[in-house]
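Presented below is the structure to which this report refers.
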Amino acid sequence: MTLAYKLLHDCLLILLVFFVFALIAEGILPGIISNHFGLYKIAILFMINVLAIFGAGKAAGVYAEVRINKKIAWPLLFMLALLIFNSLLKLNIFLNLFILIFIFVTSYFLIKTFQEK
Amino acid sequence: MRFDLTGEVALDRKNLKLYRILQIALYLSAFLLAIYLAFIILFPSAAFSFDFTNPNSKNNTIANPRDAMQSPINNGDMLSGNKYYFDTAVSGLFSKAVINFSLNNKSQKLSSGSIEIKKSYQAFLYPESAAVGFKDGTLLTDKNNYFIVSNGELRKFATPSIFNSLGFPQNAFIAVAPEELSYNPIGQLIADNSSYPDDSLFKINDNYYILQNKTLEQFTSATAFLDQYKSAQAIEKDNDFLSKYAVSENSIGFADGALISYGISVYIVSGNSIFPINNPVTFVAKGFSWNDVIPASADEISLYTRAKLFNITSAHPDGTIFKTVEDSKYYLIEKGKKHFLPSENIAASWLGRSPIMVSEKSLNATSSCTIKKDALGFGSSYSCEIPVSSLQQLDGTDYEFSMNVNNAVKINSVSVTFEKDINNTNFHSSLRGLFNQVINNYVPATPTATTAQIQQ
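Here it is as structure tokens:
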């Protein structure tokens, strides 16, 4: 089970890489991936993988502590901002930037609210 | 240092070795899967099908299976010696079309048969009907005589003084060759200046009108008028003129085949309807030009009923004008027929925008194959593979298949798959295609295109 637990993490990384590249490709050329392969399928595989990691970890008696990697958080946030900006590209640029900032500010305060004890 | 996402979870020596092997296999599989996906994207195929046991199914993507008399093929029954047709529409370049079909269990076996394919625009493959002459409202002269085209007929002004006194601007009369006048039937002579003939055009207080059955019909805007006529064709009048004729409550919009935009959508005008174009790929693949898109106001749009989406399988609507690449011949589409426009002047009277370029060769250029029984398939499966590379340089998105069988059979289903050969040329053309799509998405060709995005 420990072996499965480790391999499932590798699977999760592969799925993440596929998903991120698929999102970027879809952002640049809508339909380039989704015309051949539904993105929801990757999302379903994600959920199955995470559940399997949880199950395998429990069976193997492995309890990984939750770690937050701030180094990778900033590039991911930057990519998220680019994807949102790109999806609103047809709008007026100021409206686009306003919505983008609004999304980030709202998300920040939502996280803050949920983190309050 | 070895790559390990879960370094804190230790494995014994034996399992660690197994983990490394499985890890390599996993990443290698992911790499191969990525290459496979890249191949699917760069060498795509397009599949279409039709189920004769369920002809109304929404899953049927092959359009209009029919016999030579344009009647639908009932229950998949095909008779010996007859030709049967069906259509598909696809954008992109392909190397071959693979046609598969399966016979009903009760059908006798197929002894032999063949399938032929043509590529063009669906509307350009319509049967050709009588040539048409000048458009209503056009003012013409053969240097000696002056005419107006009214209700399709060529009506001659008895003397130049008549059209002068009626106010028709002399510079609006187009000089044409006498033979060009033969395509409109001769109408009644205009012998006096007491009344205007039908299809006379007027400009009153910056509004444009056309006379129809002694009633003035107003164009919804100057843009709508200028889409069909030149401003010089309109006779300038003052407000008093409106009291001489009844004014219709109906407004006249854009010409059939006009491309208008409102908000982020582009529509094609056809009669009282507008068809929203589903995406930019369809717009470009159907041969339209972004320069021809006219931004419309809410009032102009409200004249029309919004019809179903215009997609890659839709035929060009009435009013579309095709121009052949080879010899610059013009054809007008009207009511499922293709009408030859016999001269540049006649075509110009109908043209409000760029014509759709089409290859005349596409009417005769075909590729064909002989139907064979599937070696590995079940007893009732047949297939045929047609190379379509030679048709790729022809303009058009529509493929018309014609099939003939040498003995009567009953078909359950037919499917068509367009495939690309995996080679260097196709690889480069796919990359170019993807690059062009990115350019279309981010760098619109004209300022109009930036405002004229497409209905999704």
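Chains A and B supply the protein sequences, listed in that same order.
Counting in the numbering used here, the first sequence tops out at residue 267, every number present.
Counting in the numbering used here, the second sequence tops out at residue 630, every number present.
Glycine included, each C-beta is placed from N, C-alpha and C at the ideal position.
| Query | Result |
| --- | --- |
| Contacts of VAL170/A in chain B (Cβ-Cβ under 8 Å) | Neighbours of VAL170/A on chain B: none; closest Cβ ~13 Å, over 8 Å. |
| Beta-carbon separation (whole angstroms), THR456/B vs ILE495/B, contact threshold 8 Å | Not quite, the Cβ-Cβ distance comes to about 19 Å (not below 8 Å), so this is no contact. |
| Residues bridged to ARG194/B (per DSSP) | According to DSSP, which records beta bridges pairwise, ARG194/B is partnered with nothing at all. |
| Residue ranges of each beta strand (DSSP E) within the region 192 to 264 of chain B, 3 or longer | 220 to 225, 237 to 241, 257 to 263 |
| Limits of the unbroken beta strand (DSSP E) element including SER281/B | Looking at the DSSP string, SER281/B is not in any beta strand (DSSP E), and its letter there is neither H nor E. |
| Given ASP548/B as reference, the closest of HIS490/B, ASN274/B, SER265/B once Cα atoms are compared | ASN274/B |
| Distance, SER285/B Cα to SER557/B Cα | 13 Å |
| Close beta carbons around ASP160/A, own chain, < 8 Å, minus the five adjacent residues each side | none |
| Neighbourhood of ASP473/B by C-beta distance below 8 Å, restricted to the same chain and skipping five residues each side | THR394, SER395 |
| Closer than 8 Å to chain B by CB, THR256/A | no |
| Contact residues within the region 209 to 233 of chain A, judged by C-beta distance below 9 Å to chain B | ALA210, VAL212, ALA214, GLU215 |
| Unbroken alpha helix (DSSP H) run spanning ASP412/B, endpoints | Premise fails: ASP412/B is in no alpha helix (DSSP H) and is neither H nor E. |
| Chain B within 8 Å of ALA179/A, Cβ atoms only | The identity of residue 179/A in the sequence shown is Leu, whereas the question assumes Ala. Yes, LEU179/A lies at the interface with chain B (some Cβ there is under 8 Å from its Cβ). |
| DSSP three-state assignment for LEU433/B, whether helix, strand or coil | strand |
| Secondary structure of ASN424/B, DSSP reduced to three states | strand |
| In chain order, each beta strand (DSSP E) run of at least 3 residues that lies wholly inside the region 287 to 314 of chain B | 287 to 294 |
| Cut-off 6 Å between Cβ atoms - residues of its own chain near THR152/A, not counting five sequence neighbours on either side | ALA210 |
| Three-state secondary structure (DSSP) of PHE395/B | Looking at the sequence provided, one finds Ser at residue 395/B rather than Phe. Here SER395/B sits in coil by DSSP. |
| 8 Å Cβ cut-off: residues of chain A touching ASN189/B | THR152, LEU153 |
| Beta-carbon neighbours of ASN615/B, restricted to chain A and to distances below 9 Å | ILE178, LEU179, PRO180, LEU239 |
| Beta carbon proximity, LEU157/A to chain B, threshold 8 Å | yes |
| Rounded separation between ASN246/A and VAL255/A - CA only | 14 Å |
| Three-state secondary structure (DSSP) of ASN580/B | coil |
| Residues of the region 587 to 614 of chain B with Cβ closer than 8 Å to any Cβ of chain A, in chain order | LEU608, GLN611, VAL612 |
| Secondary structure of LEU230/A, DSSP reduced to three states | helix |
| Neighbouring residues, chain B, relative to LEU163/A (Cβ below 7 Å) | LEU179 |
| Bridge partner(s) assigned by DSSP for VAL443/B | ILE448/B |
| At least three beta-carbon pairs within less than 8 Å, the region 604 to 617 of chain B to the region 236 to 243 of chain B | no |
| Bridge partners - LYS547/B, DSSP secondary structure assignment | TYR556/B |
| Span of the alpha helix (DSSP H), counted from its first residue to its last, around MET197/A | 189 to 210 |
| Through-space distance from GLY205/A to ILE164/A, alpha-carbon basis | 19 Å |
| Any C-beta of chain A under 8 Å from that of ALA204/B | yes |
| Per-residue DSSP class, three states only, for PRO352/B | helix |
| Any beta strand (DSSP E) of 3 or more consecutive residues that is wholly inside the region 465 to 521 of chain B | 467 to 469, 495 to 498, 504 to 508, 511 to 515 |
| Test item: CB-CB of GLY287/B and ASN580/B under 8 Å | yes |
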